[in-house]
Amino acid sequence: MPNSGGASPEPPEDDLTPLLDAAVEALGGQTRPGQIEMAKAVAAALDDRVHLLVQAGTGTGKSLAYLVPALSHHKRVVVATATLALQRQLYAHDLPRLATAITPLINREPAFALLKGRSNYVCLNKVEGGNAEDDAQDVLFDPLAVGKLGAEVLRVREWVEQTESGDRDDLSPGVSDRAWAQVSVSARECLGSKCQYFEDCFAEQAKELARAADVVVTNHALLAIAAMDSDVQVLPEHDAVIVDEAHELVNRVTSAATGELTKTAVERAHHRADKFVKEGTAANLAVATLDFTEALENTPEGRFQRGLPEEIGMALTALRDASRTALTELSKNKGGDLDMDGARKQARAACEGVHQVAERILEGAEQDVVWLERNEFKGVKNSTLKIAPLGIEHLLRFKMFARTPVVMTSATLKLGGDFTGVAGSVGLYGTERIELDFKPELPEEVYDAAVKLLREGDSDGEEFLDTVQDLPQHWRALDVGSPFDYPKQGILYVARHLDPPGRDGIREDQLDLLADLMDNAGGRALGLFSSMRAAQTAAEKLREKIDLPILCQGEDSLAELLRKFSEDPETCLFGTLSLWQGVNVPGSSLQLVVIDRIPFPRPDDPVSAARTEAVGRGGGNGFMAVSASHAALLLAQGAGRLIRAIDDKGVVAVLDSRLATKPYGSFLRASMPAFWQTDDTDRVLKSLRAIDAMAKTAEQN
């Protein structure tokens with residue numbers, strides 16, 4: 001979209017190489033050919049206003065390759081990441097050094113800012129006691145937690161006197177979600193400019209800094225909210241979006257677009273609204289709340305494929321109507337008491353959340369998936385009614401890609417060696433792909449609409465979208481490879497001789513092979529398992545089989561487990577999904593990655609099952625489009641934990657023979673790093689012994 005940040009003169013057209021050289025020197029290291037190639041492609045995409053998908057392997061230096069063009073761009077750019085770790089690295093480490101390094105070359109000092117959702121910042125009104133009584137009642141159901149909760153809230157109040165950001169992630173050690181809820185508000189609950197602390201508000205200060213920045217760092221969730229809700233401007237006006245860790249975008253947007261109703265949420269809405277609405281309205285809401293919670297308990301778990309069960313449907317209708325009436329009354333009779341206004345705002349937000357989800361489920365849109373889910377925590381069973389979009393391609397295409405050029409980058413964007421799958425998942429068609437050197441021209445009416453928007457304003461952007469939504473969304477794709485020599489540095493071993501994994505968990509023959517692999521590697525192993533039960537079982541049994549220290553996820557904080565793992569080469573670490581991505585342990589502490597089975601989504605996952613069926617109805621291969629693609633991304637990420645530096649060597653061992661024997665195996669293997677491949681067990685064990693010997697020699701020296 002043709003919106004921009006602070007008007008800064010566009011730097012003279014020149015090769016980006018001098019800027020990259022200065023940036024690399026500021027951060028240390030060396031400029032790589034892939035990095036230069038990517039930086040030029042990103043700059044061209046921003047200038048030509050086309051979308052770009054870039055696969056950049058580990059070690060390419062992709063952060064610099066997009067930050068340098070973003071900082072030197074003449075309009076504001078939003079950079080969105082999936083993980084907190086990368087946000088921190090970009091904002092606290094990379095951007096300060098880069099901005100200083102390139103300032104003399106672009107004749108201005110680029111500004112940057114970090115922006116998160118409002119609930120990530122401490123609310124001064126809540127800290128000073130606003131709505132404290134109402135919030136305190138929310139935790140009375142768990143008296144044992146009150147003492148710990150009070151101590152945590154007190155610590156936050158002391159921290160507020162010192163912090164400059166008010167950002168939860170700057171609070172160390174952190175506090176529980178329940179404690180943070182006592183000192184923060186959502187966007188719906190915020191008093192806005194009426195708040196007595198508005199001028200000092202941390203969230204407002206972050207927004208103000210973002211409005212003055214050339215580059216704004218945020219997360220996928222906020223990007224999703226900006227795309228879904230055009231009524232609330234959560235991001236400043238911007239000219240382009242860069243999405244790092246882009247393989248996570250679809251999951252993060254799907255999660256943000258998923259609504260849910262629980263007994264706790266509905267009871268909270270009733271409790272908060274009770275004091276502000278008429279007696280009859282409160283009574284109706286109380287009855288609707290009780291009927292809904294009973295319907296939840298009486299309804300079997302699973303996906304609703306043929307409409308809502310009658311009891312759920314009736315209870316939802318009553319809940320929707322009662323919450324709508326409460327909302328109407330909560331919008332009236334506002335007083336001048338800030339504490340009461342804050343409590344009323346909380347009540348309205350709670351009722352609005354219940355009403356929106358109930359109405360969405362009752363509408364029964366064909367493009368949504370509805371199901372009831374049950375889980376157990378500390379012996380207490382909880383039921384949740386959920387609704388998620390069947391697909392988010394159209395949302396992203398028309399609400400994000402139609403508004404601005406978007407650059408997506410990750411080490412894993414090619415599935416089966418092709419960009420088409422990932423492009424399709426975000427709403428870009430294969431027929432819209434153009435060559436890197438082709439510059440399309442937009443029709444004149446698009447420019448006319450853009451100029452009108454800039455001159456007259458168009459708060460929701462609908463006029464602009466009406467103009468562009470039928471136009472092609474041109475996109476380019478680039479794989480800049482990796483500085484690593486994967487065939488010489490790593491081996492992909494598939495245990496073809498093993499029977500395919502069953503439903504009974506990890507088998508004894510798999511454990512025996514895993515023990516041999518770890519023993520010959522001298523430890524140095526990261527075990528990636530399809531379930532926590534499999535990881536725990538493997539850890540328990542292998543501790544009896546081999547004399548190596550084995551850590552398991554859940555036994556300590558993830559940060560502490562990774563510290564212990566990286567410091568002791570003999571130590572092995574087992575875990576599940578959170579270890580498949582983001583683990584960065586270069587050197588001899590990690591020379592064996594073991595994957596117990598192909599990480600297909602669970603067969604009973606409602607959203608995956610519904611998407612598979614939808615692809616099949618359209619004449620496609622639902623298994624390949626959904627399950628195989630999901631597995632391919634995770635396998636690529638998991639295998640990517642092995643080689644993290646130019647001198648790393650090791651083995652990725654997959655204990656699932658289907659990777660070698662099934663027709664889809666070639667698609668999955670083509671999505672992984674290009675390791676040398678084998679199914680020869682003896683050869684792999686010999687290689688592991690040799691790698692271990694070299695590592696020990698290096699450690700002794």
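Residue numbering for the sequence shown follows full-length UniProt numbering, beginning at 1 and increasing consecutively. For each residue, glycine too, the CB sits at the ideal point set by N, CA and C. Keep in mind that this is a model prediction, so the values were computed, not measured.
Buried versus exposed, by CB contacts within 10 Å (16 or more), residue i
i: residue 176; result: exposed
i: residue 82; result: buried
i: residue 621; result: exposed
i: residue 125; result: buried
i: residue 399; result: buried
i: residue 559; result: exposed
i: residue 438; result: exposed
i: residue 233; result: exposed
i: residue 207; result: buried
i: residue 661; result: exposed
i: residue 323; result: buried
i: residue 93; result: exposed
i: residue 218; result: buried
i: residue 325; result: buried
i: residue 84; result: exposed
i: residue 523; result: buried
i: residue 431; result: exposed
i: residue 70; result: buried
i: residue 512; result: exposed
i: residue 699; result: exposed
i: residue 686; result: exposed
Under the three-state DSSP convention, the category residue i falls into
i: residue 183; result: coil
i: residue 368; result: strand
i: residue 217; result: strand
i: residue 212; result: coil
i: residue 520; result: helix
i: residue 254; result: helix
i: residue 607; result: helix
i: residue 409; result: strand
i: residue 744; result: Because the chain spans 1 through 701 in this model, residue 744 falls outside it and cannot be assessed.
i: residue 478; result: strand
i: residue 433; result: strand
i: residue 381; result: strand
i: residue 17; result: helix
i: residue 598; result: coil
i: residue 242; result: strand
i: residue 225; result: helix
i: residue 677; result: strand
i: residue 399; result: helix
i: residue 686; result: helix
i: residue 138; result: Confidence at residue 138 is low in this model, with a pLDDT of 46, below 50, so its placement is unreliable and the value that follows should be read with caution. Residue state, collapsed to three classes: coil.
i: residue 698; result: helix
i: residue 572; result: strand
i: residue 389; result: strand
i: residue 260; result: strand
Whole-angstrom C-beta distance between residue j and residue i, which should lie under 8 Å
i: residue 759; j: residue 357; result: Nothing in the structure corresponds to residue 759, since the chain is present only between 1 and 701.
i: residue 526; j: residue 657; result: 21 Å between Cβ atoms; not a contact.
i: residue 475; j: residue 442; result: With 8 Å as the limit, residue 475 and residue 442 do not qualify as a contact, their Cβ atoms being about 14 Å apart.
i: residue 510; j: residue 649; result: Actually they do not touch by this definition, with Cβ atoms about 24 Å apart.
i: residue 491; j: residue 254; result: No, residue 491 and residue 254 are not in contact; Cβ-Cβ is about 35 Å, not under 8 Å.
is_contact[residue i, chain D] using C-beta, thresh 8 Å
i: residue 691; result: Included in the structure is just one protein chain, with no chain D present.
Inside the segment 281–345 only - alpha helix (DSSP H) runs reaching at least 4 residues
310–330
Quick test of the definition: if touching needs 3 or more C-beta pairs under 8 Å, does the segment 640–657 touch the segment 415–423?
no
Is the segment 191–201 close to the segment 151–160, with three or more CB pairs under 8 Å?
no
Evaluate contact between the segment 255–270 and the segment 374–392, counting only Cβ atoms and requiring at least three cross-stretch pairs below 8 Å.
yes
Taking contact to mean at least 3 C-beta pairs separated by less than 8 Å, is the segment 265–277 in contact with the segment 344–353?
yes
With a threshold of 8 Å, are at least 3 pairs of Cβ atoms found where one atom belongs to the segment 500–510 and the other to the segment 56–64?
no
Length at least 4, wholly inside the segment 26–54: the alpha helix (DSSP H) runs in chain order
33–48
Counting Cβ pairs, one atom from each stretch, are 3 or more of them under 8 Å apart for the segment 665–676 and the segment 627–637?
yes
How about the segment 42–59 and the segment 472–485: do they share at least three Cβ pairs that are nearer than 8 Å?
yes
Whole beta strand (DSSP E) elements within the segment 505–557, 3-residue minimum:
525–528 and 550–552
Could you name each continuous alpha helix (DSSP H) segment of 4 residues or more that falls completely within the segment 102–131, going from the start of the chain to the end?
124–127
Within 8 Å, do at least three Cβ pairs link the segment 97–117 to the segment 277–289?
no
For the 8 Å Cβ check, are there 3 or more pairs between the segment 579–597 and the segment 527–534?
yes
contact_flag[the segment 283–300, the segment 238–248] where n(CB pairs < 8 Å) is 3 or more
no
Answer yes if the segment 37–55 comes into contact with the segment 393–413, meaning at least three C-beta pairs across the two stretches below 8 Å, and no otherwise.
yes
So, does the segment 512–519 touch the segment 553–570, judging by three or more C-beta pairs under 8 Å?
no
Counting pairs of Cβ atoms below 8 Å between the segment 220–228 and the segment 390–399, do you hit three or more?
yes
Would the segment 160–169 count as touching the segment 95–105 if we require 3 or more Cβ pairs under 8 Å?
no
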